[in-house]
Every structure is written in C-alpha cells, then in structure tokens.
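Please read the structure below before turning to the comments.
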Amino acid sequence: MDYRDTPEEAEFRASLRAWLAENIPAGWDKIEDRDEAARMQRAWHRTLYEAGYIGMSWPKEYGGRSLSPMYEAILNEEAGNLNAPRLPSVGYIGRAVFTYGSEEQKKRFLPPLLSGEAQWCQGFSEPEAGSDLASLRTLARLDGDHYVVNGQKMWTSGGQYADWCLLLARTDPDVPKHKGISAFLVSMREPGVTVRPIVLASGEAETCEVFWDDVRIPVAQRLGAPGEGWRIAMTTVAYERGPADIGFIASYRHTLRRVERLAAERGLLERPETRKKLAAAYVRGEVLRLNCMEQLSLRVSGREPGPEGSVAKLLWADAEQSLQHLAMDILGADCMTGAAGEWLGSYFTSRPVSVYGGSAQIQKNIIARMLGLPR
Amino acid sequence: MDYRDTPEEAEFRASLRAWLAENIPAGWDKIEDRDEAARMQRAWHRTLYEAGYIGMSWPKEYGGRSLSPMYEAILNEEAGNLNAPRLPSVGYIGRAVFTYGSEEQKKRFLPPLLSGEAQWCQGFSEPEAGSDLASLRTLARLDGDHYVVNGQKMWTSGGQYADWCLLLARTDPDVPKHKGISAFLVSMREPGVTVRPIVLASGEAETCEVFWDDVRIPVAQRLGAPGEGWRIAMTTVAYERGPADIGFIASYRHTLRRVERLAAERGLLERPETRKKLAAAYVRGEVLRLNCMEQLSLRVSGREPGPEGSVAKLLWADAEQSLQHLAMDILGADCMTGAAGEWLGSYFTSRPVSVYGGSAQIQKNIIARMLGLPR
Amino acid sequence: MLALLDAEQQMLKEVAGQIARAAEVANPGDLKTRDRAAAWESLAQAGLLGLRVRDEEGRPSASGVEVAVVAEALGAGLVPVPYLGSAVLATELLALAGAGPEAEELAAGGKRAGILLNRDLSAPARLPGDEQGYAWDCDGAAEALALVEAPGGAQVVRVPLDGAFTPVAGADLTRSLARYDAPIDPSGLTRAGRPLTEAELARWEALALAALCADTVGVMRSAVTKAVEYAKERIQYGVPIGSFQAVQHMCAEAYVSAEAAASATGYAAWAVDVLEPGEALTAARTAKAQCGAVAREVTETVMQIFGGIGQTYEHIAHVHTRRALTDRQVLGDEDAQLLRIADVRLTGE
Amino acid sequence: MLALLDAEQQMLKEVAGQIARAAEVANPGDLKTRDRAAAWESLAQAGLLGLRVRDEEGRPSASGVEVAVVAEALGAGLVPVPYLGSAVLATELLALAGAGPEAEELAAGGKRAGILLNRDLSAPARLPGDEQGYAWDCDGAAEALALVEAPGGAQVVRVPLDGAFTPVAGADLTRSLARYDAPIDPSGLTRAGRPLTEAELARWEALALAALCADTVGVMRSAVTKAVEYAKERIQYGVPIGSFQAVQHMCAEAYVSAEAAASATGYAAWAVDVLEPGEALTAARTAKAQCGAVAREVTETVMQIFGGIGQTYEHIAHVHTRRALTDRQVLGDEDAQLLRIADVRLTGE
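Residue numbers (the UniProt record's numbering), protein chains in the order written: chain A, 1 to 375; chain B, 1 to 375; chain C, 1 to 349; chain D, 1 to 349.
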C-alpha cells in the first residue's frame, strides 16, 4: 500500500504539470458565450490530443498508449488543480467502439474521437426511460440497408455541440425489453435530428433534448449485433460512473476554498461552528478522494469497474450537496436576494448530482444487491 | 380553534392539580427495588381510581364517566408536570373488553381492571412475529370446554407483575394467517405460564418473555368470536399508539430541563452552538406537543384514531432520540466512563422508541398508504 | 381545547383555496400569463386583504388563524401576489400604529405597500441605520414601510419606491424584490400613526412570522402533494415509482416534516392575538425554526422524487424550493430563531 | 500509487483475522467465557504485539498499515484484549522515547501497560496537571503510561495501577477502565526513555488515532455484516426483511458510511510513517472525524435492523455500539478533530 506516485507516475506528473502550465488557454474561464466556450473546448481537446494526453489507457492499436488508468487519473487531478478547462470525455464512447465495433468502425470512428475532430454525445435516456433505461421507446426500424429512427432522447449532454451520437434504440419490440435494444453510431447532422437545449433550475442550459424524426442510419453504423445495445450501454455506463473522473476532487477543493473565503469575508471564521462545518466539508472531500483512490487502485489492478463505484457516487453527491448547503448558509440572505446569485445557481446545479447517472436510490439498490440482499 | 382549556377543562385541571399535589406518593421516584416499585404502582392505581381518575372516557355503564378523551390528556399532562408515578394504562384493554366482550366478561373483568385490583399485560408479539404480528405461532387448541395454549410471547411489558393477560393465539392454523387468530382473557397465575424478564441494552429489565406450556383457558374467557383476534388486536393497537399518552410530553420537558442543567454545569451555555441545539430540542418537543394536540382534537371531535398517529410516533422517536444524542454529546466522555452512566442507560432506552409499537419503517409504510401510494 | 379550524375558518379556507387555485402558478410559464391584478381584486372583494384592519374598539377583524389560513392557501398555489407584504406585514404595522385610514386603503386593494427589510432580510429596516436593504414582496406597490426611532418607540414611515430602488432578480420567482444601496433620503418619508411599543412590535413580528410559516407550510404541502401524485403516475420498471418503498418513505418523511411544521404554525397563528406578546413571539419563533429547518429538505426531496424532470427550469419543483427558501430567510432563518429561543429558555428564566 | 494492501499485508490480515475469530465476542455471554490470556498469547506468538518495536536503526518492525490491519480485525471480533492500549498506544510511546527494552517487554506479551488519559479521555494524562483521569484499555496491566513535563519535551512515565485506581464499569464491555480521583503520587513514577519532541508526539498521536479508527472500522464493518446476514434470514410477512427496500437502503447507507471511514483510515494508517508529522496527524484527524461522525449512526442503524431483539442486553448489537462510542471519545471525538483540522486549514495556511 502506497499512496505516493511511483517514479514513473511522478515523472509523468511533473512533465504534465509543466505542459499544462504552458498550454492551458488563457482566460478560458471568462468566456460567457456558450458557442465560444464550445469552440474553446474543441481546440483544447486538439491540444491535449497532440500532446498525447487523450486516450492514454486505450490499447495502442486503437491510437492509445496502453497506459494504466492511473495516468488518466493524474491528468484529471493535475488539470483540476491548475484549473484547466474540462477534459474531454472520450473513454466511455471509445470503450464501446473498440469493444463492440467492427474493424471498419474502429478505423473510422476512433481516430477523430481521439483527436477531437468529432465530438460525441450519448443518446440513452428518454422522458419515459430514466432510471429504467431498458424501457426506452425510440424505435429503429430496419428498412433495406438503413435503420429509420423515431423517438425522443433526453439528458443528452453536449447535444448542441456534438457531431456524433452513440444512440440506443429499440430494434425489436417483440422481445423482452432488455433484449430488443441496439446501439448506433449516428451523425447529429442527419436530417430529422433536432436538438433543443434543456434549461435547468439553475438557469443554465447544460443538457439537451434530441428529437429523432425519420432519421436514416446505414446498417453499417449499428454498433455490435442487433439486440446487443443493452450490454453496450451497461459497459459504457460502468465506465462513466466509475471513479475515473477524479477531476471532481480538484474542483471540489477549489469550491471549498471559495467557501472558506466567503466565510472569512463575512467574519465568520471566529465561530467554532463555522470552523467545524468547513472542516467537515474538507473531511468529506478527503474521504471521497481516498475512496476514489481505492477504486482506481482496484481498476489498475485489473478489476472491472464494479458496484463499489456506487459508494463513491453516493459520497460524491453528499459532498457536493453538503458543500452547497454550507455555502448557502454562510451567504444567508445574499443567496436569495441575487447579491450572490451565482451561488444559488451552484446550489441548484448540485441537486441533480443525486439524480443523473443513476439516482441515489438506484445506487443504494446496487449496493444492496452487492451485499447479497434478496430482491 | 382554541388551544386553551374550556371553562370545564380549566376547572377539572385546577381540582386535579390540587388533588395531585396532595396525593402523589412521596419519594416514589427514589424506589429502586422493582417489586416495591410495582407495589407502589398498584397502590397509586387504586388511589387514582378512588378519586375517579381512571377510565374517565369509558362509557358510564362500564364504570367510566363518559368524558371526552381531553380529560385523560389533561390527567396525563398534569401528572407529568408534577412528576407523578406512571399512570396506569387501562384504556386499550378496557376498550377491547367493552367493545368485544360478552356481558358476563364485562361484568367480571372491567371493575377490577378499573380499580387496579387486577393488573393486565398484553401477549401479542412473539420472537418470530414482531412487525408481522399476524404470523404469530402461539397455538390455542380447543379441548372440550377449554383451550390449551402453547407458545412463546415476547415484549410483554409488565408481565412480571400482571395478574391477567390479553392473549392472542392461533385457533385455526388452516385459514389465512389474519383469520385464524383469537383473543383470550387469561390469568397469569395458571399453571404453565412462565415469565422471564428481558434485560435491555440499558441494563434494565423493562419487559418480559412469557412461555405458555399447556395452559388451559376456559372457552368462556375467549374474547369475541373465534378468529376475531386480529380485529381486536388492531383496535387495541390503534388506541395504544394514538396520541392519548401525552404524558410523554411532560417527561420530555423534564428531561430537556435536566439536559439544559447539564450544559450549564459544564459551562457550555456560552456556546451559540449548544444554545441552538438546546433550543432545537425545545422546538422538537413543542412540535410534538402541538401535533399531539391536533390528534387529540380530532379524537375529541369523534374521529377514530387514524394513521395520522404515525406522524406523532415518528416525531416522538425523533425528539426522544435526538435529545439523548444531545445529552450524550454534552456529557462527552462522562457518558462512556460511567461518570454519568445513567445517561448511557437513557440513551439505550431511547433506541427502541423507533422499534416498539410499530417500527419507524412500519409507520412510514402506514403514512405512504394514507397518501394513497400503491403497494 | 380544540386545535382544529372551526366551521367559519373552514369556510374561509375554502374561499381562499378557490381564489388561490384560480391564480395558481402550476408551472413556471404561468408566471408570465397569470392575471395578478384580477387575483388581487378577488382577494380584496372577499375581504381577505382586510383581515387585520381594526374595528372601532381596536380589535382586528380576524385573528392570526384566519391570516394563516389565507397565507397557506396562497403559498400552496405559489400565487404571485404580495399578500404577505401588503395585506399582512404592512397592513398590520399600520393597524398597530393606529394608522387606520392607511390600513383601510391597503385593505381595499387599490393601493399596495411592501415592507422594507435590512440587508440580510432578518428584520424591518431601521432608518437611519440600515443603509442598504430591500423592499420585499412589493409587487405593484409604490411604497414600502420602514421604522424610524422616535420618542416613545418605533415610528412607522412610508418610503416611496422611487429611483433609489432597483428591482432585482432574487431567488423567489413569485414575489418581487427591490434593492436600495444608499441611505434613504429622510425628506421623502411620511410618518404613519403613532410610535409602536416593544410589545406591539413583538405582536407584529409574531404575526409576520406566523404568516411566513403558513406560506411555507402551503408551499411544502402542495409540493409534497404534487410529488405524491407524480409517484403514483410515473411508471418505471413497469410499475409506478410510488410502489417502491424508498420513494414511499421519501414521501412519508417529507409529509411528516410538513405536517410537523403545520402543527407548530397553527399554534403560532392562534397565539398572535391570545397569548402575551413574548409568549406569542416564542410560539412564532418555534414555528419559524421548524419551518426553516425543514423547508429546504422537503422541497429538495420533492425535486428528487421528480427525478430528472424536477431539475429543469420548466418544471414547477424549483419554484417551490425558491419560495420556501426565501420564506426561510425573511425575518430570520432557523439559526436566528433558535438563538432567540435560547435567550428566552436559558437566560430569560 | 496503489491504495490496496499488498500481498504480505493481505497475509497479515488473514492471520489477524484467524486470531480474532478464535477470541471473538459473538454474544455478550462470551465476555465471561473467552480465554483472554490465550488470545493475548496468540497475538504475541504471531508477533503482532511487537509491530512497533524498533530495530537497531530505529525503524518500526511494521508500519501503521499493519497496525491498522490487526486493530481492524480485533475490532471486528470485539476481542476483549488490550491491543490498542498495550501493543499500540503504550508500546509506540516507549519506542518513540527510545525505551527499547520496555517496549520489547510489552511485545513479548508477558507484561502489559495501559495508557493514562485525562478526565475527558481526549489526551494522554499530563502529570502533574491532570488530577483526575482514567487508565484506559488496561486489562491485565500493572501500569499505565503518562507524560510529565521535562526539559527537552514530554517525558514518558510509568504509573503503577495501584490502590489509587478504581476499576469502573464504563460503556465499553470489551475493554477495561480504571479511574483515579486524586493527584498521582510523583514518587511512584518511573521514567522511561528520553523526552519526546512535539514531532514525535504528533507521530504518536497519528498512530494512536489511526489505530482507534481501524478498531472502529472493524466494529462497524462486522456490525453491518451481521445486520445484513440477519436481514437475509429474518422472515416477516413471509419474506426476508432484507427484501424490503427500506431495510436494503438502511444496510446500504450503513455500508457506505463504514466504507468511507475505512478509506480515510487506510490513508491515515499509511501516512503515519511516511508523511511529515503534521500531515500525518491531519490525515489521522480526518479519519477520526469521519469515524466519530458515523460510528453512532452506523451502530444505531444496525440495532434498528435487528429490531426488538437488537435492543436486548443478550444480543451483540449494543456491544458494537458501546465499543464504537468509546473509540469515538478516546483522544477526541469528531468535534475535537474538526476544530483542530480547522486550525490547520483556516489559520495554519
């Protein structure tokens, strides 16, 4: 057991840190326009790619470096510490493609995914299929050498700026619901694809609805076999939900420092109660960080992401939501009068952390299963 | 809406208060010996009875005074305020007897129940039938003009000192579980009845196990029809769980004052955090009191005790358990070193408040049903 | 003792409920389309704006209980009218000060007044002194009431909501807020009535807190009702989500919290006109402490039950949260109330 | 980085687990019948009492991680031997002070020492000064260690557990406690080793806290495991209670709390010998804050899952609660830890 970097990791971290210091785009976090921010993200992706920081854990044959997931965690951590722009999330789409794709699909889709030339989104959830994803209704009807897709997807993050979508649709309505689903790699530029931003309670448009009206997808763009969509989705979701994105830890630390400053500005640091609450927020962050390090160590040791990830997910939601509660309580009326309106937004942004990617209730069900409790 | 006493209630309260001041047995709360305490309780019952304070809400024909339940609540409140010994709880047994009993049973059992000559206990729960009472296994087999009872009861409070028991036993194992249960009025002095005290985590023996080995009960002591036991139990439990026993409110207030004194003795009253926690404990007590007053008002207005009682039960458990947590935190190490060992006992005594009489989980189920949520 | 609404109060509840339902904000889009003037006119015509106007013997035409009944109904409907600001906080202040005609004017509905609060919304603004602050719940009002020190007590003054005030977008989408950032020009203030004694101010605060609590209770109860209805209808895994015990218990816990707050609020509302001012205020603080402590949790639970859709701006859930959180802050959150209760419990006795 | 036990540590875990299971208190009746001397002897023979004895170069024979592995196993078994008191807290204090022979004596198992704590159990007793206090986890010990001021630092002293000490029945049924009520006679004290620097004391406290945390983690994990097993077997309404989602979620929440505490504890145990003393101590305080904050809740949830039977003295549940609550208090509960963490975070930087 050793929480320190190995010599190789330390070397990687040092060179990465130097690279980040030179390459983080100046003033990126001052950009308010969403379109401009999206362009910046795309350029950032390209910059990272050219330096070899994208897909490091992917097999070499698919453009990766076959490194341990530890290096991606270090990237997340350092980028977070230095307040870099969000790191592109290519892992889960890539994994779906190189695990289930044909050789041709791999050749066609992986390079631009890695380079950032093609931005991807994920078309899984629907208005009537949230927690119960398998009940999705979007239909892909085979018509010659194409599928024709009709339906509505929801919670498609980045849908506005994506070029491609990993889409789940029902190809066989006559078999049990998990078995009739297939996965597709489909261009967001196809006729019939309409994207509508969803404004959240915070006032931000962070995600989208996507309407699919008679969208035609070549059969060659089906990923995996017909009916294999559920398995593909589960692989993807497992990698999405896992502790890989340790970038959150760094952002949590930044936020905690901001909350500490808020308390200081308001002269609350003399209060033992406030001191304890701030310390408790630090403890929650540390606990999450250390739990994620254990998860990561398990992955590095070759274990597939398992239900233990649900522990981290619950700790994450609790940490983030508790921190926003604390900020709100420190701000008091300012949070309600608009004097510190951005914190009200952060508060509302923290709420869905216990909803998306499997609600807190679903995570507890998963843990109960892992504990062997009967259905 | 008026939270004040009516003139009649005020008059009753005044005379009761005067009576209590003269009649509360001196030094009763210094008695340590359990047997002696039981004798004191019996004498106290008799004293209350002779003054007309037992069974006030019972119909006159059964020895009551046909008064509104409000008067019993006032009795509970005043007795609690003046730190009187526990009030005898005759309501739920009485209600079972005068609702379901034969004329002969009423004549035979109600007068000594009221007067305290006969002390009663309740033989409902079993080791394998707690929350799921209807799965009880104690068997009453008909043998001529007697039933022969075999089985084991648990959580029979006061079983050591009871003369009689309201017993539930299965008389017909061949029908669905709720339908095969009958109720019996049975002497604890019968051969084959063995009482064994159960020591709780606090170290106190507050309740009993009762073993029934070939205990013979005359058929005439069956209460209600064969198979009517479940209905009888539900009536009894509803009256047990309802807000009638407002005596708890007074005892909560006493305990809160003691906790406030603990904080003062330890010089913690300067701490805003401690002040807030003590005030929050006061608020919880008030909320419970006021909720119970609403429940009581509903009953006085002729409504049967309903599932709203579950709200009070949950508030009660929360108030009591939170108060014991607060005491423990104020005491710190003293609670662990035995320097304030009695508070550790109180802490453990607060734990089953969310278990007995329907666990917190069961209460929430009841509320969910009331809200119309589907099974 | 009977801790239940009497027949007349029940009838009032129905009337208020009807008006509230007609003006209800059922989804955020309604905020743009509701005819607020008509809703205000209905309240005026039903006499609900004049509950605290005094008769010739100085008695309010209705008690705190009636005020709470109306406030709860309007809170339940998230109705975007300044009932608390104008018909409760401002009218009661005028009535206690003996400014009968001014109170009558508000009761008639033709004129409205907001209340001026200090920078942290925890108390009525004191002028001079509070150099920054907010006019709260001042939709359609040309003025807001504040207090100035005067011989004999606190003098109510009318502050014109002129250019010194900037409308701000606060958390609450249903009630308006205007900020002032510089000392108020004393020459623009008009005195109303006679100075208020400490006891009268306590009485005012008790009513104000009880009405805020009733609003919160309305917001919470209707939020829980909506979540329960959704849980009955929303199908996942082939069954209504309300058949999952986890969802059932979330609903039950939110219900218990809301009902507990309602119990404390009922007593606080009753206490306003019956108990001694200090006792009435402690009852009100007790209710506000309880409401404040559960408001966030209850409305968050409701958002959680609504799942993804409950996180969107177009859904009503966050409008409940925003109104409840604002109620929590106005005149002091639970921490502020608890400290004052502690003063009475631990020091006052 | 690899935050997992290595192969040797895994093996140690199995050895410690075997010894712990042989001496496990599975129900309160075992407290009378367990052969505590045999358990102690097993620990000595496996070398587990000597993990912190120093080699000739001053290195401990095993790191904080190994200590935590053993402490967790013994906590999980509620094993009634003074491992923490004698083999960790006392031995480490002697080893840090360079009192090698005394440490070796304890490691051999023939002799035991407790630790003297101040009246609120929050720190090692300082003599003179702490005129009342407790010898903790001193089963079978003839002496307990305390600190006296000396030039150059804090001097470790051996305090005989003589007539000045009264055994007391504390909350914890598995570890013993003896009280002293009057200033300790200085003539009876024996010095051990050289005075300790601040840094050494910080290192000692880091190890002591990490070991206490590991004990708590063991207590919590085994309590949760027992509750889960019970939930699988206990039938009500014709099904195991563990098939109810409410029970499942209670188990899941308790599990998450215990695992979170374990994550923090693993790091704290590792940090003892690797990080700077200040950092190691912050890591240890973080773990102790987390363990302290969840210990009560987790063991209470376990009692709740066990229902009525879990409330009885004859059942094991409360023995878990008692040991966890005691761990929480020794060397400072979560409030104490948080305040110290705040000092570092908010003032130290």
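Every residue, glycine too, gets a C-beta built ideally from N, C-alpha and C.
Residue i - containing alpha helix (DSSP H), residue span
i: A:V148; result: Run containing A:V148: none in the alpha helix (DSSP H); it sits in the beta strand (DSSP E), 146-153.
i: A:D143; result: Run containing A:D143: none in the alpha helix (DSSP H); it sits in the beta strand (DSSP E), 139-143.
i: B:H254; result: 247-265
i: B:D334; result: 334-337
i: B:L344; result: 341-350
i: B:G80; result: 69-81
Residue i in three-state terms, based on DSSP
i: residue 378 of chain B; result: Beyond the ends of chain B as shown, which are 1 and 375, falls residue 378 of chain B; an answer cannot be given.
i: D:I241; result: helix
i: C:T190; result: strand
i: A:T156; result: coil
i: D:P195; result: strand
i: A:E126; result: strand
i: B:A26; result: coil
i: D:L346; result: helix
i: D:I184; result: coil
i: A:D35; result: helix
i: B:A10; result: helix
i: A:S15; result: helix
i: C:R203; result: helix
i: B:A84; result: coil
Bounding residues of the beta strand (DSSP E) (the contiguous stretch that carries residue i)
i: C:L177; result: 177-180
i: B:I217; result: 207-218
Residues that residue i bridges to, as DSSP identifies them
i: A:E286; result: None, per the DSSP bridge assignment.
i: A:T194; result: A:F211
i: A:C121; result: A:C165
i: B:I93; result: Partner(s): none; B:I93 has no beta bridge.
i: B:D329; result: Answer is none; B:D329 lacks a bridge partner.
i: B:L200; result: D:T312
i: A:D2; result: D:L2
i: B:R170; result: B:L139, B:I181
i: B:R222; result: B:F184
i: C:I235; result: C:P240
Beta carbon proximity, residue i to chain B, threshold 9 Å
i: residue 385 of chain A; result: The structure shown does not extend to residue 385 of chain A, since chain A is modelled only from 1 through 375, so no value can be given for it.
i: C:P186; result: no
i: D:V159; result: no
i: D:D30; result: no
Proximity test, Cβ basis, 9 Å: residue i and chain D
i: C:A227; result: no
i: A:L331; result: no
Interface flag, residue i vs chain C, CB-CB below 9 Å
i: D:E297; result: no
i: D:F244; result: yes
i: D:H315; result: no
Min CB distance residue i to chain A below 9 Å
i: C:G247; result: The residue you asked about is not Gly; residue 247 of chain C is Val in the sequence shown. Taking Cβ atoms only, chain A reaches closer than 9 Å to C:V247, which makes this a yes.
Scan the stretch 83-146 of chain D and note each continuous beta strand (DSSP E) run of 3 residues or more that stays entirely inside, going in chain order.
-> 113-118, 133-136, all fully within the stretch 83-146 of chain D.
Which ranges does the alpha helix (DSSP H) cover as unbroken runs of at least 4 residues, wholly within the stretch 248-330 of chain D, from first to last along the chain?
-> For the alpha helix (DSSP H) assignment, the uninterrupted runs of no fewer than 4 residues enclosed by the stretch 248-330 of chain D are, from N- to C-terminal side, 277-305, 317-329.
Could you give the uninterrupted runs of the alpha helix (DSSP H) lying entirely in the stretch 143-173 of chain C, keeping only those of 4 residues or more?
-> Segments of the alpha helix (DSSP H) lying fully in the stretch 143-173 of chain C: there are none.
Every unbroken alpha helix (DSSP H) within the stretch 15-75 of chain D, with a cutoff of 4 residues, ordered by chain | Whole alpha helix (DSSP H) segments, 4+ residues: 30-33, 36-45.
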